[in-house]
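Inspection log for the structure reproduced underneath, given as structure tokens.
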Amino acid sequence: MLHDREADFPGNALPSSPARSVEIFAGPQDAGAAGFALAQTPREGRVLWIQERMVSLEKGRPFGQGCERFGCGVDRLVLACSRNTRDLLWAMEEGLRCNSLAAIIGEAWGNPAVLDFTASKRLAMRAERQGVPVFLLRYNAQADLSAARQRWRVLSAPSAPHPHDANAPGLPRWHAELFRARDAKPGKWLVQYDRAAHRLHQVPAFRDPALAGEARHRAGNTITGSFIRTAASRS
């Protein structure tokens with residue numbers, strides 16, 4: 001779930017909830033997109049997570065303890081691996097036939113021809129008909145035509161300060177750009193995961209012009225399409 005902590009910025013508010021069909025674009029070395037998706041899944045119910053083979057080779061398999069930090073215990077995960085993108089899309093659509101799933105996450109690599117507008121429209125329509133959120137994570141890919149209801153570019157950001165240990169990592173953060181949406185206004189935010197509430201919150205300090213300028217300078221052109229390589233563990 002997403003939540004804008006401050007309601008006094010109606011023109012640039014973080015969407016209140018994810019759409020049923022969401023695409024998340026991330027760089028080839030950025031492992032944070034999976035956490036961004038998990039943070040938006042329901043608290044209860046099973047999550048079907050499918051990786052195509054190239055993603056598992058390049059980025060590794062999901063790490064159980066890392067998933068638990070985003071509110072999804074290993075007992076809720078159903079993990080699968082597909083040979084290619086065609087099989088990935090088939091498995092995601094078949095998963096939408098199952099009434100016991102709370103969410104579906106798929107991970108694809110690059111811009112395969114099979115992942116065209118028709119395929120994305122079919123997936124979006126089935127997700128909306130079933131009422132199950134579907135997150136398609138796309139690594140090392142360009143944003144081609146798609147019927148996904150929300151389309152994001154995300155880049156892992158330094159974590160929030162730890163309240164008790166300055167040398168320890170705090171709550172995870174991302175630079176997030178919503179560049180296309182059917183039911184929300186596009187925008188850019190620095191967002192943080194709230195474990196207690198199981199929500200993504202906009203970081204209030206990012207609205208300060210000086211801090212916002214500094215964040216944009218750090219991100220450079222990464223938030224608008226070309227992602228820098230970052231060293232990140234699969235957790």
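The numbering of the sequence shown is UniProt numbering, which starts it at 1 and goes up by one. No residue lacks a Cβ here, since even glycine has one placed at the ideal position from N, Cα and C.
Beta-carbon proximity check, residue i vs residue j, cutoff 8 angstroms
i, j, result
"P181", "Q150", "The sequence given here places Ala at residue 181; Pro does not occur at that position. In this structure, Q150 lies closer than 8 angstroms to A181 by Cβ."
"H198", "G71", "yes"
"R20", "V134", "yes"
"I50", "G110", "no"
"E177", "K188", "yes"
"V22", "W152", "yes"
"L96", "V132", "yes"
Residue i in three-state terms, based on DSSP
i, result
"F63", "coil"
"R86", "helix"
"E52", "strand"
"R20", "coil"
"E44", "coil"
"S156", "strand"
"P15", "coil"
"L123", "helix"
Reference residue i; option with closest CA among the options
i, options, result
"M92", "R61, Q130 and G73", "Q130"
"L137", "I104, P172 and K188", "I104"
"T41", "G60, V55, L57 and G73", "G73"
"G194", "C67, A184, R173 and R76", "First, the amino acid is wrong: residue 194 is Asp here, not Gly. The residue with the shortest Cα to Cα distance from D194 is R173."
"H175", "P204, P163 and Q192", "Q192"
"residue 237", "F179, A157 and E177", "A question about residue 237 goes unanswered here, because the residues of the chain that appear run from 1 up to 235."
"T118", "E94, L145, C98 and A108", "L145"
Classification of residue i by the beta-carbon crowding that lies within 10 angstroms, buried from 16 upward
i, result
"R126", "buried"
"R100", "Note that residue 100 corresponds to Ser in the displayed sequence, not to Arg. When all chains shown are included, S100 counts as exposed."
"R61", "exposed"
"A210", "Only weak support is given to the placement of A210: the predicted model assigns it a pLDDT of 41, under 50, and the question is left unresolved by the model."
CB contact below 8 angstroms: residue i versus chain D
i, result
"E94", "Among the chains of the structure shown, chain D does not appear; only one protein chain is present."
Requested in this report: Report yes or no: do the stretch 76 to 89 and the stretch 22 to 39 share at least 3 C-beta pairs separated by less than 8 angstroms?
Outcome: no
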